[in-house]
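To start, the structure under review is shown below, and the notes come after it.
Residue numbers (full-length UniProt numbering): 1 to 65.
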């Protein structure tokens with residue numbers, strides 16, 4: 001005899017508080033509150049990318065292939 005799966009209840013609408021509707025990235029302590037220019041964004045991304053590549057190279061050196 002085949003048992004029927006229980007039917008789920010009708011979905012209830014989920015209420016989202018207005019402050020959660022738009023995700024806000026947590027600002028790091030060293031972040032300035034001034035609007036960023038594209039130049040400073042470029043510098044920050046470049047610095048972060050260099051650190052990421054450096055850490056990846058260190059990781060790759062320590063991995064046995």
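We put the CB at the ideal spot given by N, CA and C, even for glycine.
Note down the Cα distance separating residue 59 from residue 50, rounded to an integer number of angstroms.
-> 14 Å
For residue 56 and residue 62, the rounded distance between their alpha carbons = 10 Å
Any idea what DSSP makes of residue 15, helix, strand or coil?
-> Residue 15: coil per DSSP, three-state reduction.
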